[in-house]
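Trainee:
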Amino acid sequence: MTQYSSRVTAALSAVDEDTYTLNPDGSLVTQTTARPLIASTLDGLNVQPGAKVLEIGTGSGYSSALLSELVGPSGTVVTVDVVPDLIERARTLHAQAGRTNVILVAADGHHGAPDHAPFDRVVAWTTPETIPHAWVEQSRPSCLVVAPVELAGLVKSHAVVTAEVTGDQNLTGRALAPGGYVEMHGADLDQWTVPPRGVDALVHDGQGAAWWIASSWAKKHPAEAGKLLTGLVDEQPQTVRVFEDGEDPTAFRAWMYATHPDELATLGGPMGFGVGAADSAGVFVFRPFGPDALSNGAMTTETVARGWVETWRSAGRPGWASVRPVLLRESTGWRVRAEENQPVRS
Ligand SMILES: C[S@@+](CC[C@H](N)C(=O)[O-])C[C@H]1O[C@@H](n2cnc3c(N)ncnc32)[C@H](O)[C@@H]1O
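For the sequence shown, the residue numbers in my numbering are 58 to 403.
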């Protein structure tokens with residue numbers, strides 16, 4: 058069993074998860090984060106009693122209940138969700154539990170919560186394209202920001218970054234870890250199969266299921282990318298095994314994001330999504346979990362993608378501890394890229 062810090066363990070024991078994550082009929086609230094992921098993230102966030110925490114993505118309210126325990130009676134949790142109904146549901150549950158140190162805000166989290174700043178910690182459970190400047194501007198020096206990011210500037214090239222706000226409102230990367238959350242969206246999102254941004258070509262099959270692709274190649278050649286998708290609908294990509302027993306596919310992803318960020322593509326469809334190689338002839342994309350890839354058998358992409366795996370193996374199968382986050386200031390926010398600690402020729 059995973060061991061968490063004693064404070065996070067105590068918070069997990071103090072909050073009844075089902076109260077927050079289950080609907081009255083016993084079904085799971087869609088906007089719920091898995092407990093182990095919340096717990097490990099809160100461990101890394103290192104929240105002290107008395108702290109003021111900004112949370113983006115209230116969802117079920119479970120993580121804000123845990124944060125409420127961690128900050129204690131002298132601290133405050135300000136939790137923001139773009140879906141007003143979720144905020145009202147969480148407000149009721151927190152009130153019933155007597156949690157008076159949680160402030161709930163129905164708004165677009167890109168803007169943070171300016172009326173309640175400054176914050177000692179910022180945590181997000183939904184993926185911004187870049188870390189908004191507002192989160193940094195509303196933070197105290199030394200504030201830790203833990204947020205899901207798109208490492209390769211590509212939708213679903215997921216990781217979780219820990220960064221620190223430095224005195225001059227800069228953001229410095231501290232660590233990267235595996236993990237991913239749904240993209241930040243507007244209040245009116247009515248489907249979950251196509252990401253709300255970053256998709257370069259999209260087709261629907263005969264059953265109405267969406268197939269989509271994102272990559273710098275598809276952005277430049279959307280018509281060709283659409284043709285590729287139509288071909289995939291007809292041929293249906295096959296699941297092929299890539300990784301051997303004992304290999305960690307998520308470690309490979311860390312290395313892939315650091316070494317080939319600009320060559321990557323994300324393919325999504327009724328079978329889920331994968332990130333890897335794509336060109337006009339085909340795709341070879343690694344599934345987010347497990348040892349498999351999706352392929353339509355095109356030699357070009359299979360050779361490229363399997364070549365990456367061989368180089369990763371020759372480099373000793375480096376993983377998340379072998380890459381570091383590099384934060385780049387852009388007009389919309391801080392873009393996060395991965396860089397190898399000790400570059401390996403790829
Ligand atoms: C994975 S859920 C959060 C789960 C939550 N941490 C829990 O403990 O259940 C992600 C949440 O982010 C919210 N979200 C998405 N886009 C947002 C935005 N632009 N601003 C604020 N919240 C947003 C969604 O409505 C959803 O509730």
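Every residue, glycine too, gets a C-beta built ideally from N, C-alpha and C.
Restricting to Cα atoms, I'd like to know which of Pro327, Ala91, Gln399, Glu304 is closest to arginine 370.
Mentor: Glu304
Trainee: Given 8 Å as the limit, tell me if glutamine 399 has its C-beta closer than that to any heavy atom belonging to ligand 1.
Mentor: no
Trainee: Let me make sure I understand the geometry here. Which of Glu240, Pro93, Leu150 has the alpha-carbon closest to that of valine 139?
Mentor: Glu240
Trainee: What residue from Leu111, Val86, Gly129, Asn103 has the CA that sits closest to alanine 71's CA?
Mentor: Gly129
Trainee: Grab the span of the beta strand (DSSP E) containing proline 171 for me, first residue to last.
Mentor: Per DSSP, proline 171 is not a residue of any beta strand (DSSP E), being assigned neither H nor E.
Trainee: Below 8 Å, can you find three or more Cβ-Cβ pairs linking the segment 110 to 124 to the segment 255 to 267?
Mentor: no
Trainee: Can you find a heavy atom of ligand 1 that lies under 8 Å from the Cβ of isoleucine 113?
Mentor: yes
Trainee: Within its chain, find whatever has a CB closer than 7 Å to the CB of serine 62; leave out the 5 residues flanking it on each side and keep chain order.
Mentor: Asp100
Trainee: Figure out for me which residue from Val380, Val222, Phe343 has the closest Cα to the Cα of alanine 362.
Mentor: Phe343
Trainee: Please report the residue range of the beta strand (DSSP E) in which serine 97 lies.
Mentor: From DSSP, serine 97 is part of no beta strand (DSSP E) but of the alpha helix (DSSP H) over 92 to 102.
Trainee: Alanine 322 and leucine 208 - do their beta-carbons sit closer together than 9 Å?
Mentor: no
Trainee: Can the beta-carbon of proline 198 be found closer than 9 Å to that of valine 217?
Mentor: no
Trainee: Tell me, which residues are paired with lysine 109 by DSSP?
Mentor: Thr133
Trainee: If you compare alpha carbons, which of Thr78, Asn158, Pro253 is closest to valine 86?
Mentor: Nearest to valine 86 by C-alpha distance, out of Thr78, Asn158, Pro253, is Thr78.
Trainee: Helix, strand or coil for threonine 323? Go by DSSP, reduced to three states.
Mentor: strand
Trainee: Alpha carbon to alpha carbon, how far is leucine 161 from glycine 155?
Mentor: 14 Å
Trainee: Which runs of the beta strand (DSSP E) spanning at least 3 residues fall entirely within the segment 261 to 331, listed in chain order?
Mentor: 267 to 272, 295 to 298, 322 to 326
Trainee: Assuming contact is defined by CB atoms lying nearer than 9 Å, are valine 366 and leucine 351 in contact in what I supplied?
Mentor: no
Trainee: Starting from the Cα of threonine 89, find the closest Cα among Ala122, Ala67, Leu102, Asn103 and give me that residue.
Mentor: Residue Ala122 is the option with its Cα nearest to threonine 89.
Trainee: Do the segment 381 to 396 and the segment 305 to 318 meet, that is, are 3 or more Cβ pairs less than 8 Å apart?
Mentor: yes
Trainee: Can you tell me whether leucine 143 sits near ligand 1, meaning its C-beta is under 8 Å from at least one heavy atom of the ligand?
Mentor: Yes, the beta carbon of leucine 143 sits closer than 8 Å to at least one heavy atom of ligand 1.
Trainee: May I ask which residues mark the beginning and end of the beta strand (DSSP E) holding alanine 68?
Mentor: No beta strand (DSSP E) contains alanine 68, which is instead part of the alpha helix (DSSP H) from 63 to 71.
Trainee: If we require 4 or more residues per run, which alpha helix (DSSP H) segments fall completely within the segment 170 to 255?
Mentor: 190 to 194
Trainee: Using the DSSP secondary-structure output, state which residues sit across from glutamate 396 in a beta bridge.
Mentor: Arg381
Trainee: In three-state terms, what does DSSP make of valine 140?
Mentor: coil
Trainee: To the nearest angstrom, how far is the alpha carbon of alanine 174 from that of valine 137?
Mentor: 13 Å
Trainee: On the CB-based measure, 16 or more other CB atoms within 10 Å of its CB, does proline 252 come out buried or exposed?
Mentor: buried
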